[in-house]
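Add 30 to a position in the sequence shown, counting from 1, and you land on the number used in our numbering. Here is the structure we will look at.
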Amino acid sequence: MTRARIRGIYATALTAVCLDADHAVVQASEPIRERFDAGFPDEPADVAVETTADRQGVGLSGSSAAVAAIRDRCLDVGDDALDWDDPVPAGAVFDARVTETTGGGAVLDLGADGEAYLPFDAADGYVETGDTLRVQVRDPAPPWLDGRATVGTALRTPGVGALAELEEGDTLVAATPDGTAEHELVQTTEMLNVELPDGWAVRWGRAADGASFATLREALDDAVERVETLEAAIDDAGDVDAPRAVYRPIETAWIWFGRGARFALDDVRSEVTATMPGHHRTKAATPAASTAVDFAEAVGVDTEGFPFAAVASAFGPHEGDSLAIEHGKPSGRLVTLGTGTVTSCEPAEGKLTLEREMHPGGTYDASGPERETGDVAITRFTEGREWYATGYEAEDGTNKGTYVNVSTPVELFPDAIRYVDLQVDVVKYPDGTVEVVDEDELEADVTDGHVPRALADRALDVAERLASGLRK
């Protein structure tokens, strides 16, 4: 049985998923405690499940077995739930070299594992380009966000969902749930009679407030053991060296939920509490929608399906808006294909047209027409459709071909169109020839474990049907 601590907009649905799989949910929030007829002990977690900052999915950090167990449950939600390992996981210690400094911090080279960002206020002393230093990961970053893991130079006990952490410091209690030195946990810490390592201080988590004396002692003993393991790894590594990984005590994995997975999570959540169709889809689009969704569910607003027209009317997109095309790759990387203007919008149909000016240079396909000044791309998107078509036109209106991307179901968010590209595409050339391309790239992603076989087969079927239609 895995113990999971779950937070964010997917918490209710994922709590139900975990409980149905006989896993334990610990340190539950008050709304979760109210919604479920189940016990939620204030115990340490084996894995922390946190909604990502952009609300597109969740991060899992914990022991290898615990991450694997919860990861499988998340992927079972739908075949457009995709996952990736993080080479720079939470709690990991690296030797790093400063490659550049910015206004508020430094960019670090971690070696083969990538880069990280060190805020100056998380560094012990002055930092400049060329310095080498030992750092620990504070906040890992999803592969689809344009960011780096955030690190600090002070060490903490590597772990997640712990009731107690130890961090380098010279005070008995570094932090309490309410942030005061008068909190009763200060006195409790002294009563536990656990000998702390020299130079380390206690940081209590919020769930420690409701934990028993025995649980607190066990948590503190565990934190001391983790410090000993960490210090042994640091000793074995020796002096700070060229960029390298020094210690990886836990794993971090990322799950991106596609539109289908979000609606499947709606179904799970609706078995627990009032849930409007498109609950997770709407909340994932913009933070501003969260309060509106909560209000609608509280007063009992009933809709037969996802009210895209109402959501778009309130939050966007609207005609005249500027939208980015956020083209997710099966590897987890996000590529922005450019930004265009919404030239038409049909909220009732879940449709919009985006127009972009093209930069000259290159061709529209390996054997296609050249890109020239004045060319425009006219792309038509439909919410929930597993493909979208882009027509390329010269300045005089001459057709330069049509390119159809096959993807996970498209989501029309207020500031971006979002999906994960499934590699296989359909091209219609100016002479009318139609071709399905890049099947080999999709197969490579299946082999590499980036795309489930069922999702790949669906994409290939969509591509063949599109090609057949375009040939008529």
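The beta-carbon is built from N, C-alpha and C at its ideal position, and this holds for glycine as well.
- Counting along the chain, the unbroken alpha helix (DSSP H) around Lys313 starts and ends at 309-315.
- Contact between Arg164 and Val270 holds, with the beta-carbon distance rounding to 5 angstroms and staying under 8 angstroms.
- In this structure Leu500 touches Val456 by the C-beta definition: roughly 6 angstroms separates them, less than 8 angstroms.
- Taking C-beta separations shorter than 6 angstroms and ignoring five residues to either side along the sequence, the partners of Pro279 in its chain run Gly121, Pro188, following chain order.
- The shortest CA-to-CA distance from Asp76 to any of Asp67, Gly92, Gln86 is the one to Gly92.
- Comparing alpha-carbon positions, the option among Leu140, Gly135, Tyr147, Val232 lying closest to Tyr156 turns out to be Gly135.
- Each of Thr316, Val331, Cys104 was checked against the Cα of Pro307, and the nearest Cα belongs to Val331.
- Put simply, of Thr32, Asp266, Glu195, Glu130 the residue whose alpha carbon is nearest the alpha carbon of Gly235 is Glu195.
- Taken atom to atom, the span from the alpha-carbon of Lys430 to that of Thr369 is near 20 angstroms.
- In the structure shown, Gly141 adopts helical secondary structure according to DSSP, grouped into three states.
- According to the DSSP secondary-structure assignment, Gln166 is paired through a beta bridge with Val123, Gly182.
- Look at Arg292 here: in three-state DSSP terms it is helix.
- In the structure shown, Gly414 adopts coil according to DSSP, grouped into three states.
- Taking the Cα positions, Thr420 is about 32 angstroms away from Arg178.
- Within the model, the alpha-carbon separation for Asp461 versus Lys381 is close to 28 angstroms.
- According to the DSSP assignment, Phe325 belongs to the alpha helix (DSSP H) that extends over 318-329.
- In the three-state scheme derived from DSSP, where H, G and I count as helix and E and B as strand, Arg233 is classed as strand.
- Within 10 angstroms of the beta-carbon of Phe338 lie 16 or more other beta-carbons, which makes it buried.
- For Leu367, the CB contacts under 7 angstroms within the same chain, skipping 5 residues up- and downstream, are Ile355, His357 in chain order.
- The three-state secondary structure of Val118, taken from DSSP, is coil.
- Sequence-distant partners of Asp143 (beyond 5 residues in either direction) whose C-beta falls short of 8 angstroms from its own C-beta, in its chain, are Pro117, Val118, Phe124, Ala275.
- In the three-state DSSP reduction, Gln57 falls in the coil class, being neither helix nor strand.
- Put simply, the backbone Cα of Gly229 is about 12 angstroms away from that of Val254.
- Between Gly160 and Val190, the CB-CB gap reaches or exceeds 8 angstroms.
- A straight line joining the alpha-carbon of Phe243 with that of Gly268 spans about 38 angstroms.
- DSSP places Asp113 in the strand class (E or B) of the three-state scheme.
- Between the region 309-319 and the region 472-492, the count of Cβ pairs shorter than 8 angstroms is below three; the stretches do not touch.
- Glu327 and Asp478 have their C-alpha atoms some 41 angstroms from each other.
- Contact between Thr180 and Pro227 is absent: CB atoms are separated by about 25 angstroms, not below the 8 angstroms threshold.
- Distance from the CA atom of Glu258 to the CA atom of Val167, rounded to whole angstroms, is 18 angstroms.
- Residue nearest to Gly182 within the set Asp84, Ala192, Pro170, Glu334 is Pro170 (criterion: CA-CA distance).
- Nearest neighbour of Ala249 by Cα position, chosen from Ala231, Val216, Glu198, Leu193, turns out to be Leu193.
- Counting only residues of its own chain and dropping the five nearest sequence neighbours on each side, Ser374 has a CB closer than 7 angstroms to the CB of Glu349, Leu382, Thr383.
- A residue is called buried when at least 16 other Cβ atoms come within 10 angstroms of its Cβ; Pro390 does not meet this threshold and is exposed.
- Under the 10 Å beta carbon count, Gln86 is surrounded by 16 or more other beta carbons and is classified as buried.
- Where Thr245 is concerned, the enclosing alpha helix (DSSP H) starts and stops at 243-267.
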